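A short worksheet on the structure shown next.
Numbering (the numbering used here), first residue to last: 50 to 337.
Laid out in structure tokens, this is it:
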């Protein structure tokens, strides 16, 4: 009987101790977690001092000239691969430029961040602008300010026309398949995606862009059709009557010749520079 009472007493004591521990640990954690949050906000981060508006405006201009291409208009990373500054430990920890200014002036060149060449005053203005943006956005939600549509038409249509004449006009014509292409695809992002992929741009039957193949198992007896599948061991054709036929491959046997209208696009894709892509798109949007 005594043992049973002792066990119940021990269990009750342990439970009470656990409850007290939860209360003692939970209250400070809750207070710490809530510190620095504005009423009604969620994870809005530590309070930040108000920045001088003139300095912020100057920093914004310098950021647009020197930093935006890599880090993006909204600080979340740009086309040239710069990191998201809204998640940068240096940017989040900076109070008076002590973290950001050295980086702007070349402290991280070994990590790929170039020396922008700004003076202490100008670099400090950029740091103030970054702090103002981080303070306005907190750590959640959309970037502050009015949302601006992304304009990808930033290339030179003249250079795009020259590139087209040198590399594209053997297969394409601005008076035939590409005539009025900008009217068929009025959204530049869609137009750019279509020409990069090399898919049908005319809105007509896409059969002309499908690969075909000839398979010769015996001299003078080739079989031809739409190419369904090909690898080192098997080739499958869809014949003119709609049936499919597969052939086992063993080295050069059978003899297979593939005709792929899009192969040129695939070959060229790795050779495009960013400037080429921008220029070609800028040229194609003029073909109304």
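Ideal Cβ positions, reconstructed from N, Cα and C, are used throughout, including at glycine.
In this text the structure is predicted, and so the values were computed from the model without any measurement.
For residue 142, no beta strand (DSSP E) run applies; the uninterrupted alpha helix (DSSP H) run containing it begins and ends at 138-142, by DSSP.
Rounded to whole angstroms, residue 303 and residue 291 show a C-alpha spacing of 22 Å. Only exposed fits residue 282, as fewer than 16 other CB atoms lie within 10 angstroms of its CB. In the assembly as shown, residue 123 is a buried residue. Its beta-carbon has 16 or more other beta-carbons within 10 Å.
The beta carbon of residue 117 sits closer than 8 Å to those of 127, all from its chain and outside the five residues before and after it, given in chain order.
Sequence-distant Cβ neighbours of residue 327 in its own chain, meaning closer than 7 Å and more than five residues away, are 203 and 204. Secondary structure note for residue 332: its alpha helix (DSSP H) is the uninterrupted segment 323-333. Our two residues, residue 166 and residue 209, have alpha carbons roughly 32 Å apart in a direct line. Looking at 297, 258, 141 and 238, the one whose alpha-carbon comes closest to that of residue 265 is 297. The segment 164-184 and the segment 127-141 touch, with no fewer than 3 CB-CB distances between them shorter than 8 Å. By the beta-carbon neighbour count (other beta carbons within 10 angstroms, threshold 16), residue 158 is exposed. In this structure the segment 209-220 does not touch the segment 135-153; the number of beta carbon pairs closer than 8 Å is below three. Boundaries of the alpha helix (DSSP H) harbouring residue 110: 102-115, taken from the DSSP string.
Between residue 289 and residue 274 the beta-carbon gap is near 7 Å, inside 8 Å, which marks them as a contact. Residue environment analysis places residue 242 among the exposed positions, since fewer than 16 neighbouring C-beta atoms fall within 10 angstroms of its C-beta. Counting of Cβ neighbours within 10 angstroms places residue 100 among the buried residues, the total reaching 16 or more. When beta bridges are read from the DSSP output, residue 299 appears opposite 302.
About 10 Å separates the Cβ atoms of residue 286 and residue 260, ruling out a contact at the 8 Å cut-off. Residue 175 holds the alpha-carbon nearest to the alpha-carbon of residue 111 among 321, 335, 175 and 311. Around the beta-carbon of residue 120, 16 or more other beta-carbon atoms lie within 10 Å, marking it buried. Under DSSP, residue 294 shares a beta bridge with 286. Taking the C-beta atoms as reference points, residue 276 is found no nearer than 8 Å to residue 306. A Cβ-Cβ contact shorter than 8 Å links residue 223 with residue 336.
A Cβ-Cβ separation of about 11 Å leaves residue 234 out of contact with residue 227 under the 8 Å criterion. In the same chain as residue 143, and ignoring 5 residues on each side of it, the C-beta atoms closer than 8 Å to its own belong to 149, 176, 179 and 180, in chain order. When secondary structure is reduced to three states using DSSP, residue 99 falls in the coil class, being assigned neither helix nor strand.
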